[in-house]
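Oh and the first sequence: position 275 is 682 in our numbering, straight run, nothing missing. Don't be surprised by glycine CBs; every beta carbon is placed ideally from N, CA and C. Report on one structure; see the data block that follows.
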Amino acid sequence: MLDAGFIRENADAVRTNCTNRGVSPDPVDRVISSDTKRKELAQKRSDTAAKKNEISKKFPTAKTPEEKQALKAQATAIDAEVTAIDAELKAVECELLAALVLIPNMTHPDAPVGNDAAANKVVAQFGEARKFDFAPKDHVALCESLDLADFEAGTKVAGQKFYFLKNEAALLEVALVQYALQTCVKRGYTPIITPDLARTEVLEGIGFMPRDPNPDTRQVYTVADTDLCLIATAEITLGGMHRDRIFDETELPKRYVGLSHCFRTEAGAAGRDTRGLYRVHQFTKVEMFAFCTPEHSEAIHQEIRALEEDIFKGLGLTFHVIDTCTGDLGGPAYRKYDLEAWMPGRGDGGDWGEITSTSNCTDFQARRLGIRYKGKAFKGTRFAHTLNGTAVACTRALVAILENYQQADGTVVIPEVLRPWVGTDVIRPKK
RNA sequence: GGAGAGGUGGCAGAGUGGUCGAAUGCGUCGGUCUCGAAAACCGAUAUACCAGCAAUGGUAUCGAGGGUUCGAAUCCCUCCCUCUCCGCCA
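What follows is the structure in C-alpha cells.
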C-alpha cells in the first residue's frame, strides 16, 4: 500500500493514477479525511496518556490515604477519556486501512497508459511464429495422442481444471524446474523451496485479498479452521520470508529463486482458456524474488526481465515482451513486463499466451510487510523495494513446448537444454 | 498429538509491581593513544508516530491480544512461537 502522508501530499497525482489504472479514485479522499482524524485522535490520546502518567508518578510520594484517594479519582476520570479516544481511534484506523488497500501503487512514467490489453506495448520479440507444413495440434490433442496428461483423472480426484501429468510430461516438469533453478542460481540467485501455504496476513501484505467476501473475485483457496491460504505464487512466501525485517543496506540486494506449487481458484475466469493446461487450479512454478534499495530496483527489474528472456531463448521458444499498460498492472506493480510465447494451438491458428511476468513493486509490498533497511547516508530506516518475476511456470511452458516442438509425424522434440533431465530427445506415441 | 521449560535491545543475558526503554557483557560505530595496526581507555549505539528549524520533548512497544492496578517486562487469561522429552509419521 501507499503511505497515507504521500497520498495527502500528492492527492491529484494519486487520483490520476487510480483513473489510469481503472480503479475508482474515491478512496483517496477517504484516506485523507481518515488520516486527518487519525492524527488528531492520536495527538489527543498521547496528551491524555501523558496527563495520566503524571498522576501515576505522584503516587509513590503521596503520604496520606486522602491524597491517594484524590489521585485515584483523577486517574479514573482520565481513564474514561482514554477509553473513549481509543475506541474512536480504532474505528478510524480501520477506515483508513480499508481505503488504503484500494489504492494501487504509483506507476512508472514510461508504462503505457490504457484500460485494457489493447494498450499493452510490445517492446521486444525473439524468434518468429513457426510456419507449419502440416496442421498443428493443440497441446490437449498432443497430451492425448502421446499419453502425457490425464485430465479426466484430475477431474475425478480433485475436480475441473486439475490434471495428472504423465510420462515425458511429468519428466518435463521436473526438467523445467531444474533448468530454471540452475539458470537462476548461476546468476547469483539463492535457491529456496517455500511452503505452499501462508498466513492470510502475508497474502494481504503482498497485495492479495484472501478475505474478499465476494466469491466471484476471490483468487485464493483458504484452508478451513485455520488462518492459512494455499499460495497463488511463491511471491507470497518469498516476500513474506523477510517480513518485519530491517536489513543493513550492505545486505541488499537479496536475490532468491523459489520453487513452489501455486493454487488459484480462477474465479471469474470461467469459460476462458478452459481446455487443457493453460489455466488450471494448481501448477508448479519457479519464481524469482528480490529485495533491494530504491536505487537498484529499476536495474534489477531489467535484470530479471533479461533473465526471463534468456531462459526462454534457451528453450528455443518464440516470444515477445510486453510493457504492461496501466489498466493491467494490478495493485502492487509499479511496472510490469510479461513474456508471451507463441502458442500455435491457441485460439484460431495460434496466438500469444502469457508465460512469465515480472513486476517492480517498489515499496508497496514492503510497507505493509514491514521490510526496511538502514543505511549510512540517512537516519532511521527506509522501506526496501521488492521485485518478482517468473522463471518458469511449468504448465504454461509445457503448453508452449508441446505446441511448438511438434512434428508432422505426431512426435514432439524435447528442447536440447531439457534432455539431460528428461532422458530422451523425442516424445513418441506409447505402444 | 501429550508433558515440561521458555520467549527481554544486533547477539548473549539480568530484571518478579513505580526511580526500567530496560543492568552487564559481546558486537558495531566514533574518538584518544600509535608510523600504522592490535590492545587499552573514553564516548555513542532499538523502533514507530506526534510537536519542533533544531536541541529536545511527548506517546507507544520487553512474542501478540485482552484483563487486574493509580501504575505491568514483572500478576491473571487467551493465542502464537521456540526448545527438551514422549508418541506418531514421509
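| Check | Outcome |
| --- | --- |
| Compute the Euclidean distance between the alpha carbons of L583 and R452, then round it to the nearest angstrom. | 57 Å |
| Given this structure, state the Cα-to-Cα distance separating E823 from V829, to the nearest angstrom. | 10 Å |
| What residue from L684, A800 and T797 has the CA that sits closest to R753's CA? | L684 |
| Roughly how many angstroms lie between the CA atoms of G723 and N527, to the nearest whole one? | 24 Å |
| With distances taken between CB atoms, is the gap from F533 to K720 smaller than 9 Å? | yes |
| State the start and end residues of the unbroken alpha helix (DSSP H) segment that holds G675. | No alpha helix (DSSP H) contains G675, which DSSP labels as neither H nor E. |
| Report the option in I510, T731, A487 and C425 whose CA atom is closest to the CA atom of A411. | I510 |
| Is A676 buried or exposed, if buried means 16 or more other CB atoms sit within 10 Å of its CB? | exposed |
| With a threshold of 16 other CB atoms inside 10 Å of the CB of C501, please say whether the residue is buried or exposed. | exposed |
| Excluding five sequence neighbours on each side, which residues of the same chain lie with their C-beta closer than 7 Å to the C-beta of R774? | M408, D410 and F790 |
| Do F698 and E512 come within 9 Å of each other at the CB atom, strictly closer than that value? | One point to set straight first is that residue 512 is Asn, not Glu, in the sequence displayed. Not a contact, by the Cβ cut-off of 9 Å. |
| If you draw a straight line from the alpha carbon of L805 to that of V799, how long is it in whole angstroms? | 10 Å |
| Given a cut-off of 9 Å, decide if T763 and S704 are closer than it, judged by their beta-carbon atoms. | no |
| May I ask you to report which of helix, strand or coil DSSP gives K720? | helix |
| Which word fits A631, buried or exposed, when buried means at least 16 other C-beta atoms lie within 10 angstroms of its C-beta? | exposed |
| What beta strand (DSSP E) runs, 3 residues minimum, are completely inside the stretch 514–547? | 528–533 |
| With a threshold of 7 Å on Cβ separation, who are the neighbours of I638 within its own chain once the five nearest residues in sequence on each side are excluded? | D603, L604, A605, T644, S667, C669 and F670 |
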